[in-house]
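Residue numbers for the sequence shown follow full-length UniProt numbering, so the first one is 1 and each next one is one higher.
Just below is one structure, and these are the notes that go with it.
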Amino acid sequence: MWTTAATRALPRGSISAARLAFGLRVIHSRRHKWTLSKTPSRTVAEHGLAILEDEQNTLHTPRDIVELKHFLRTRELDKKTRNDVLKTNLTEFIAAPLDPQWADTYFHTVDSVLMQTIRETGQVDSVLPMDEIFKLFDKTAQFFLDADRTDMPEYMALLAQRLLRVKHGVPTSTLVNIVEIGSRSRFADVSASLKYVLQVTKCTFGPEFMQAVMARQAAKGTLNLDFFEGILNAQTASKHYNLVNDDVVTAFIGHILHIFADTNPRVHEFMDENRNLYRVQYLANELTREYLKTANIECLLSLLKLKADLNSVRASNADTESVHTILMHLEAHGDHDNFAELKLVLFKQDIHDESLASTLLSQLALANSHDSFLKSLCEFVALDEIKFLSHFRLQALLLNTGIKNRGVENDVLFSKMNTIYTPFVVDSESEPGILTSVLQAVSASHVTDPQNLLDTVCNDIIEKTGVELTVADYKVMIDRALRNNEVDLAYSLFEESLTTSSVHWAESLDPAVASTLDNLVALVAQTGESAAEMFPRFKKIKQHMPMKCSAEALHRMCEKMLDDACVGDVIELLKREFPPIKKDAYRKIRVDLPYAAPHKMLFHLLYRFVVTYKEDPTFETNWVLYGEIHKYFHIPYKTYLPVIETFCDADRLNAAMLIVRRMKMLSELHADSNVNPPPLREIYKYLLRVFGDKLYEEGVVELHEYLKMDTNIVNQDIGMQNCILNAYSNLQKVGKARDLFLAISSNPKQHGGINEETAQIMLKTYTYSGLPYVQSFWNSLSQYGIFPDYAVFRQYVIAHTYHGNIEGAVKLVEEIDDYNLEFSSDLLLSMHNYCIEPEKQQEIADWAKENHKCLWAELQQSGLLKPATPYMPDENLIASGADA
């Protein structure tokens, strides 16, 4: 946030604070340290307020600049007179055209005048009236913004903070310039800059403010989804100002229509998030939610049309709910006057454009919960023969008939509808597509057998006109079946369409047509059939789809295939339906964004299979599928550790190491973006522990080398150092462990260095060399400020039993009170299980029976006691630091 300063009196340090707050690199007016003499000198070169310049340059400097500098440094006038002269000259100076050749000198001079006056008076606006300050700020901002420079004069930060506290009369251009300067310097984006201005400003915004902000973005070519998302983010931070107004909504609608005017949206858009349909839908829903607070009917109808068009291509539950919310708002605000205002808006629409009325009618029919609203609109449309086309009026008449005859028998409703549509369809001048209009209206009817009614109407119209069913006609019928989860009916209609000569699904350029087949794929995959039974139907539909399957359909298909462990088919499906993406590409499909829910569900379906599938003992299936996931998705960081744990648990340690190498490579390849972070502390610690326990030397050494060079983990705390030490200890690399310990011990315990865990690990390490080394280290613990806790004491006892020194171990246990510790079943279990000689283990058992009868009996019943086995080099028989 920008630091605030007083609006008038500026305390010491407030100027520098304002510069810092505004985030600008400023031009300092003073280039040297000067000391004021006790007697004012009239010599410019010796004066404390002098502005140094070359004699050569002075000869060519414009006269107004020379005069301004002169009056700034003169001592011939008293302060008031001098300030009046400066004010007059500065006002003329601001009004004069800017000569680009002298621009830097111009602003440098103004900066000197203003900053010196501010230092003398403590007031930002003491030298200029507020109107002139507005002009100066805008003039300066325009020059530096147009030149794409951030090295603005020092006064700009102070003026910006002062202007934000003016309650009335701040020009819109000034406010927009403040937002723009903030977005380019301090805040890096428009959203954060807007938030700050909204929180700090005292003035009231009018609708022209957002108009000007959008005009500025349009001029820069940045009026895109990023900008509209920024507006929504700023709106959530403001309770007093309404940013999402008619102008913003209109601009959003226009922008979406523009970006999809010539090309349809890609199904899996990952290269350009400003064309991502899921993101468009998400922002449209958020915009709708904010806009409904102060919605205008005409603009809201346009937003409804946009949402309906988008939903025809791809619609989630949230998208459908957004349309219902708009309909409820329109109904709630129009029911009292029979929707008179809404009808007036529709009537005023261009006579050749009835899209708003058509959209409203179709969405009300689909919603099936606004009968009075729909009935009123149907009557309005049906009665106006001049305004609305005949096929649209026919739709309204049929829908109205359907409302009045809910639940009647098919024959009854058909008879009434036949009477209505026959005059239209037999008219030789009837418009193309009238059959589709009839089917759309009939499909909204509520009868005992809707498809039978549709078939009857189709056959009747075909018989009367000789027309053939089109893709649009079959789409209407299949969509109705899909809405009612009638999958067999929907598929049979699709198969029927393939026998009709006029139907060519694959040739359609309408994404809504492809959406119908995509929804059919998703529903087919939801049936109780096995993957093998479902696949032929999917294959037939896919042959006629003009576009790729959506993430939703792929999720359903993959779910069915993975249920039958058809991993190879899943891999082939992803290969066919996802766009080709380079292996090490920076941009891949994101699943961590708020609008990425469909792809996120698909990713986690595949990911869960990788971490839970246990049928393949080699885990090769898991590994291959995980590799495929990496091809297409940007992998969320939090998912790495669980999959690493999966492969480690399966003893696929090399696979875990390959994942870490991949993480490291991607982080280095895309270092500037921070999209792919490197392995962090928890991954290193987990793998060092596992690799050490499982004696995977190559992995331990490689991880250690990574840590040495990893700039993200500059300071390795004692926890990390102990992990490394413990890994080498488990590998029985005594020399390496000793070197690491010496480095650790240089940092004392009180400074966060060597601790009890370090000592425990070294006791374990020296156990591999021999008991004398262990005893020697034990005796030196006090030198490192370590007093044995239970874990350290336990490890020391284990060292004795491991080397067969049962007498020494027993003696230690008998002296346990000296260490303020208590003997326990855990310590007894460790003494027994870490003894590798059978006869020595028997000695421990005999001693325990005699001295700790109850504890020994409990252990015998627990099943935790292990018989002694000869020591094998690839077994870690010493208690690990993590367990001790």
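Using N, Cα and C, we set each Cβ at its ideal position, and we do this for glycine too.
Small disclaimer: the values here were computed from a predicted structure and weren't measured.
Checklist line | Limits of the alpha helix (DSSP H) - the one that T97 falls within | finding: Start at 1 with the first residue of the sequence shown, and residue 97 comes out as number 97. Before going further, note that residue 97 is Pro rather than Thr in the sequence given. In the DSSP assignment, P97 falls outside any alpha helix (DSSP H), carrying neither H nor E.
Next item on the list: Can you tell me which of T499, I836, T204, W505 puts its alpha carbon nearest to the alpha carbon of L243?
Entry: Taking the sequence shown and counting its residues from 1, the one referred to as residue 243 is at position 243. L243 has its Cα closest to that of T204, out of T499, I836, T204, W505.
Next item on the list: Ignore the nearest five residues each way along the sequence and tell me which others in R480's own chain have a CB closer than 6 Å to its CB.
Entry: By 1-based counting over the sequence shown, the position of residue 480 is 480. In its chain, beyond the 5 residues on either side, S443 have a beta carbon closer than 6 Å to the beta carbon of R480.
Checklist line | Buried versus exposed, by CB contacts within 10 Å (16 or more), K866 | finding: In the sequence shown, residue 866 corresponds to position 866, counting from 1. Taking a 10 Å sphere around the C-beta of K866, we find fewer than 16 other C-beta atoms and assign the residue as exposed.
Check: Going by the beta-carbon positions, is the gap between L330 and L283 smaller than 8 Å?
Finding: Here residue 330 is taken as the residue at index 330 of the sequence shown, counted from 1. Here residue 283 is taken as the residue at index 283 of the sequence shown, counted from 1. The answer is no: Cβ separation not under 8 Å.
Check: Residue ranges of each beta strand (DSSP E) run of no fewer than 3 residues wholly in the region 319-356, ordered along the chain?
Finding: Within the region 319-356, no complete beta strand (DSSP E) run reaches 3 residues.
Notebook entry, point to check: Roughly how many whole angstroms lie between the Cα atoms of E286 and D319?
Noted result: Locating residue 286 in the sequence shown gives position 286, counting from the first residue. Locating residue 319 in the sequence shown gives position 319, counting from the first residue. In a straight line, the C-alpha of E286 is about 10 Å away from that of D319.
Notebook entry, point to check: Leaving out the 5 sequence neighbours to the left and right, which residues in its chain are closer than 6 Å to L114 when beta-carbon positions are compared?
Noted result: As a first step, residue 114 is located in the sequence shown; it is residue number 114 there, counting from the start. Cβ within range, chain order: Y155.
Item checked: For R279 and L225, believed in contact at Cβ under 8 Å, the rounded distance -> The count along the sequence shown starts at 1 and reaches residue 225 at position 225. The count along the sequence shown starts at 1 and reaches residue 279 at position 279. Between R279 and L225 the Cβ distance is about 6 Å, and since that is below 8 Å, they are a contact.
Checklist line | Proximity winner among K583, P838, G402, K853, relative to A869 (alpha-carbon distances) | finding: The residue labelled residue 869 in the question sits at position 869 within the sequence shown. Contrary to the premise, residue 869 reads as Thr rather than Ala in this sequence. Comparing alpha-carbon positions, the option among K583, P838, G402, K853 lying closest to T869 turns out to be P838.
Notebook entry, point to check: Is it a yes or a no for the region 523-533 touching the region 244-263, going by three-plus beta-carbon pairs under 8 Å?
Noted result: Inter-segment contact for the region 523-533 and the region 244-263 is absent: fewer than three beta-carbon pairs are separated by less than 8 Å.
Notebook entry, point to check: How big is the Cα-Cα spacing for V176 and F209?
Noted result: Residue numbering aside, residue 176 sits at position 176 when the sequence shown is read from its first letter. Residue numbering aside, residue 209 sits at position 209 when the sequence shown is read from its first letter. Between V176 and F209, the C-alpha separation is close to 7 Å.
Check: From Y106 to Q217, what distance separates their C-alpha atoms?
Finding: The count along the sequence shown starts at 1 and reaches residue 106 at position 106. The count along the sequence shown starts at 1 and reaches residue 217 at position 217. The straight-line gap separating the alpha-carbon atoms of Y106 and Q217 is approximately 28 Å.
Checklist line | Cβ neighbour criterion (16 or more within 10 Å) applied to G182 | finding: As a first step, residue 182 is located in the sequence shown; it is residue number 182 there, counting from the start. G182 should be labelled buried.
Next item on the list: Express the C-alpha separation of P100 and V179 in angstroms, rounding to a whole number.
Entry: As a first step, residue 179 must be located in the sequence shown, where it is residue number 179. As a first step, residue 100 must be located in the sequence shown, where it is residue number 100. In a straight line, the C-alpha of V179 is about 24 Å away from that of P100.
Check: Ends of the alpha helix (DSSP H) at K193?
Finding: Here residue 193 refers to the residue found at position 193 when the sequence shown is read from its first residue. It should be pointed out that residue 193 corresponds to Ser in this sequence rather than to Lys. 190-200 is the span of the alpha helix (DSSP H), which, as asked, contains S193.
Margin query: Distance check for V513 and V313, CA to CA, integer angstroms please.
Written below: The count along the sequence shown starts at 1 and reaches residue 313 at position 313. The count along the sequence shown starts at 1 and reaches residue 513 at position 513. Note on geometry: alpha-carbon atoms of V313 and V513 lie some 8 Å from one another.
Item checked: Nearest residue (CA-CA) to L509, options F494, K548, L493, S497 -> If you number the sequence shown from 1, residue 509 lands on position 509. It is K548 whose Cα lies nearest to the Cα of L509.
Checklist line | Length of the line joining the Cα atoms of E132 and A585 | finding: Within the sequence shown, residue 132 is the residue found at index 132, counting from 1. Within the sequence shown, residue 585 is the residue found at index 585, counting from 1. It is roughly 53 Å from the alpha-carbon of E132 to the alpha-carbon of A585.
Next item on the list: Look at the alpha carbon of D710 and the alpha carbon of H704, and state the distance between them as a whole number of angstroms.
Entry: Counting from 1 along the sequence shown, the entry for residue 710 is found at position 710. Counting from 1 along the sequence shown, the entry for residue 704 is found at position 704. Straight-line Cα distance between these residues: approximately 10 Å.
Next item on the list: Would you be able to state if there are at least three C-beta pairs under 8 Å between the region 582-598 and the region 613-627?
Entry: Result no; under three Cβ-Cβ pairs closer than 8 Å.
Checklist line | V643 classed as buried or exposed, judged by whether at least 16 other C-beta atoms fall within 10 angstroms | finding: For the purposes of this step, residue 643 is identified with residue 643 of the sequence shown, where counting begins at 1. Looking at its Cβ environment, which holds 16 or more other Cβ atoms inside 10 Å, V643 is buried.
Note to self: On the DSSP bridge list, what partners appear for P598?
What the structure shows: Position 598 of the sequence shown, counted from the start, is the residue given in the question as residue 598. DSSP, once it has assigned bridges, lists no residue as partnering P598.
Notebook entry, point to check: Which value, in whole angstroms, describes the spacing of the CA atoms of L864 and D826?
Noted result: Within the sequence shown, numbered from 1, the residue matching residue 864 stands at position 864. Within the sequence shown, numbered from 1, the residue matching residue 826 stands at position 826. Answer to the nearest angstrom: the Cα atoms are 10 Å apart.
Note to self: Can you tell me whether D564 sits near the ligand NAD, meaning its C-beta is under 7 Å from at least one heavy atom of the ligand?
What the structure shows: No copy of the ligand NAD occurs in the structure displayed, which carries no ligand at all.
Notebook entry, point to check: With DSSP run on the structure shown, which of helix, strand or coil describes I589?
Noted result: Counting from 1 along the sequence shown, the entry for residue 589 is found at position 589. When secondary structure is reduced to three states using DSSP, I589 falls in the strand class.
Next item on the list: Tell me where the alpha helix (DSSP H) around V810 begins and ends.
Entry: In the sequence shown, the residue the question calls residue 810 occupies position 810. Under the DSSP assignment, V810 falls in the alpha helix (DSSP H) whose first and last residues are 806-814.
Next item on the list: Give a yes or no on whether the C-beta atoms belonging to T527 and V487 are separated by under 8 Å.
Entry: If you number the sequence shown from 1, residue 527 lands on position 527. If you number the sequence shown from 1, residue 487 lands on position 487. In contact: T527 and V487 (Cβ atoms closer than 8 Å).
Checklist line | Among Q750, L731, Q732, T758, the one whose alpha carbon lies nearest that of C743 | finding: In the sequence shown, residue 743 corresponds to position 743, counting from 1. The question names Cys, but residue 743 is Ala in the sequence shown. With distances taken between Cα atoms, A743 lies closest to T758.
Note to self: Between which two residues does the alpha helix (DSSP H) holding T288 run?
What the structure shows: The residue given as residue 288 occupies position 288 in the sequence shown. Boundaries of the alpha helix (DSSP H) around T288: 277-291.
Item checked: Proximity to L725 [Cα-Cα], best of G752, I761, D717, K749 -> Counting from 1 along the sequence shown, the entry for residue 725 is found at position 725. The candidate whose alpha carbon is nearest that of L725 is I761.
Item checked: Residue(s) in a DSSP beta bridge with F633 -> On the sequence shown, position 633 is the one that residue 633 refers to. Within the DSSP bridge table, the entry for F633 names I589 as partners.
Item checked: Neighbour-count burial assignment, F347, 16 or more Cβ in a 10 Å radius -> Start at 1 with the first residue of the sequence shown, and residue 347 comes out as number 347. Flag for F347 reads exposed.
Item checked: Inter-residue Cα distance where the pair is K853 and L828 -> Residue numbering aside, residue 853 sits at position 853 when the sequence shown is read from its first letter. Residue numbering aside, residue 828 sits at position 828 when the sequence shown is read from its first letter. Rounded to the nearest angstrom, the two C-alpha atoms are 11 Å apart.
Check: Can you tell me the Cα-Cα spacing of Y790 and L821, whole angstroms?
Finding: Against the sequence shown, residue 790 aligns to sequence position 790. Against the sequence shown, residue 821 aligns to sequence position 821. Each residue's alpha carbon lies about 7 Å from the other.
Next item on the list: Evaluate H336 with the Cβ neighbour count: other Cβ atoms within 10 Å of its Cβ, from every protein chain shown; 16 or more gives buried, anything less gives exposed.
Entry: Taking the first residue of the sequence shown as position 1, residue 336 is located at position 336. By the neighbour-count rule (16 or more Cβ atoms within 10 Å), H336 is not buried but exposed.
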